[in-house]
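Notes follow the structure.
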């Protein structure tokens, strides 16, 4: 949509291999990103058909200011989550947003199931469904190699390419299989990998090289320079570049908000061994950026693995972040950085979501110890702090080797519904918890949030802002922030940049690209988008009041002490009433 | 002293592509990476190193030699300068450069020549790119 008055949508039917393009002026009111993705998803959704039905859509979209301003780097994906059975929404960085922009598509709607195992090639002047039978079953690293080699676009102007791919977990329909983007970034959460697998879609390559003239050169460059400076010179972004997101570990641990060993406790006695500083000193070998971001928050950690006797070694390297260290380290009681990297590597190769994998294995460890399941189910002796068994278990989970792992592959809520132990299956509305047990904000925020993610409404930061708890104020703040993020996710900026892009900066940036918007317009856009998301959730049968929160959330103290179940229920009720009122209100 | 651009510390490169972005936007009024005279790429996937392909400011520029229309002239400090009006779009300069540093603008039918302005160095967050005194 940059320089245009319409949203360009590419529709692809994998079954018929037909494509068509629409120029949608009516979508401009949703700005871009999650706004246009939500509308397109709602239009193409088939609520009466099962989540994995061939007709269900997968929608990708980029935003109104993608790539052209610093740190505006994300692509959104929307789909029906096989994990929660309702709205699936996930964001990934790397090169994807820039290549979609350069290929010339603001949104891509994929429906149908390919007749044979396939991958999709989207380029500036060509879209095709290609044979992927030979690479079906391959790990994420291997499939990346083959697609890179096949999609060279030789002889064309020197554009750039981005590749998305699934691993065996997605092919096997694990409900929390993710999608890897350009090796180090992911559409991790809520099972987009399984949705692609169900469509016989192993990978998507996007190549772009079109020309995009700058219309208001002077205004654009002036603003670009200011924003570049803000992103690199000022203190806003320094922590993301220095030790990165693992910087959260020590403050969360000190405050008692760090879910440890399936959240039996709220702090980890060995947190210091797995904190950002420890990873930096022992394992960090490189930092990288998503395209268009000068910050460089992607931290690559490496360890030396002995694969055979006789001094036979290889280097294993992965990108690490707070959430991965939480889920595959702290939540499993593992305090060795090399072991955590080995576990991340396993999750990467099979194409799983790291958070759900770790949290599901945490439940399984507890359930085994308590006798809900046996060694015959788990096949290995899962014990907190013992990485070797978890490495085997991750493969078992991705491959669905027996009835137990097949059940666990549908999420901890589902597994506990069969084997028992639901009171300590640490999920909210079916989505495994993120690494924040900070208080009412994080818990209620995840329960009512559109995709039950900590990033929907930032409840965890509400808990940490040192203001006295007030039920009504919290409910209002969660609602307001949810709407605000609908707006910022229509740009689509990285959430780390939210201090750089205040309202006025967003208005100025969009203005440099030809939009004329006011502060009120931005508020209205956020609310308009949230309304559509709520409609999607309603169509898929979700009710906020129906969310059942496992007991352990009320037993293990949070950063703000023991949480009262009645207060949480009351807050969810109030939020639910608020959204009902909002849905029936006129206008935006 | 005339300057020339050098990618001297590519080990520090984050792969943010800001250099390409600003080269295209400042010099060619375009957002597209294909308009950039400097190119960053991997040597085989994101796990490999980033490399920089840009004009090395040759004292005896091979790209200039086959130019049939005198569109390329020697630049003080190394490399060449392009006079777009004289260019016929034959792409002989592109073929002559052995480090593949001559990019071609298919839309406007002329090569994209680095004139060592150094805008990319001002926007390199890790100082991989630097403008140094020319040794020619």
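Residue numbers (my numbering), protein chains in the order written: chain A, 4 to 591; chain B, 444 to 579.
The beta carbon of each residue, even a glycine, is placed where N, CA and C say it ideally should be.
The structure presented is a predicted model; accordingly, all values stated were derived computationally and were not measured.
query                                                                                                                         : result
Residue burial classification, residue 546(A) (beta-carbon count within 10 angstroms, cutoff 16)                              : exposed
Those residues which DSSP pairs with residue 495(B) across a bridge                                                           : 483(B)
Opposing strand residues paired with residue 302(A) [DSSP bridges]                                                            : 290(A) and 323(A)
Inter-stretch contact (C-beta, 8 Å, three-pair minimum) for the stretch 458-469 of chain B and the stretch 554-563 of chain B : yes
Straight-line Cα distance separating residue 42(A) from residue 579(A)                                                        : 22 Å
Close beta carbons around residue 431(A), own chain, < 6 Å, minus the five adjacent residues each side                        : 449, 450 and 455
Of the listed residues 217(A), 326(A), 289(A) and 290(A), nearest to residue 249(A) (C-alpha basis)                           : 326(A)
Neighbour-count burial assignment, residue 77(A), 16 or more Cβ in a 10 Å radius                                              : buried
Length of the line joining the Cα atoms of residue 299(A) and residue 245(A)                                                  : 9 Å
Contact with chain A by residue 568(B), beta-carbon distance below 8 Å                                                        : yes
Near-chain A residues of the stretch 470-483 of chain B - C-beta to any C-beta below 8 Å                                      : 472, 473, 474, 475, 476, 477, 478 and 482
Helix, strand or coil at residue 173(A) according to DSSP, with G and I counted as helix                                      : helix
Candidates 566(B), 507(B), 496(B) and 495(B): closest to residue 524(B) by CA position                                        : 507(B)
Exposure label - residue 136(A); buried when at least 16 CB within 10 Å                                                       : exposed
Cutoff 6 Å; reference residue 380(A); Cβ partners in own chain excluding five residues on either side                         : 407
Where the stretch 265-299 of chain A meets chain B: residues whose CB sits under 7 Å from a CB there                          : 290, 291, 292, 294, 295, 296, 297 and 299
Simplified DSSP state of residue 107(A), which is helix, strand or coil                                                       : coil
Contact set for residue 92(A): own chain, Cβ-Cβ below 6 Å, skip 5 residues either direction                                   : 81 and 454
Closer than 8 Å to chain B by CB, residue 235(A)                                                                              : yes
Whether residue 174(A) touches residue 140(A) by CB criterion (8 Å)                                                           : yes
Residue 447(B): first and last residue of the uninterrupted beta strand (DSSP E) it sits in                                   : 446-450
Minimum Cβ-Cβ distance from residue 488(B) to chain A less than 8 Å                                                           : yes
Residue burial classification, residue 521(A) (beta-carbon count within 10 angstroms, cutoff 16)                              : exposed
Minimum Cβ-Cβ distance from residue 185(A) to chain B less than 8 Å                                                           : yes
contact_flag[the stretch 348-357 of chain A, the stretch 140-156 of chain A] where n(CB pairs < 8 Å) is 3 or more             : yes
Minimum Cβ-Cβ distance from residue 450(B) to chain A less than 8 Å                                                           : no
Neighbourhood of residue 34(A) by C-beta, 6 Å cutoff - its chain only, sequence neighbours within 5 removed                   : 67, 493 and 528
Chain A within 8 Å of residue 552(B), Cβ atoms only                                                                           : no
Candidates 95(A), 328(A) and 507(A): closest to residue 497(A) by CA position                                                 : 95(A)
Residue 24(A) to residue 208(A) span [Cα, whole Å]                                                                            : 18 Å
Length of the line joining the Cα atoms of residue 493(B) and residue 134(A)                                                  : 30 Å
Residue nearest to residue 548(A) in terms of C-alpha spacing, selected from 74(A), 359(A), 559(A) and 573(A)                 : 573(A)
Option nearest residue 292(A) by Cα separation, candidates 573(B), 569(B), 575(B) and 577(B)                                  : 569(B)
Proximal residues, the stretch 235-251 of chain A versus chain B, C-beta separation under 7 Å                                 : 235
Cβ-Cβ separation, residue 111(A) to residue 63(A) (assumed contact under 8 Å), whole Å                                        : 5 Å
Partners in chain B for residue 85(A), counting only beta-carbon separations shorter than 9 Å                                 : In chain order: nothing, as chain B lies at least about 28 Å away.
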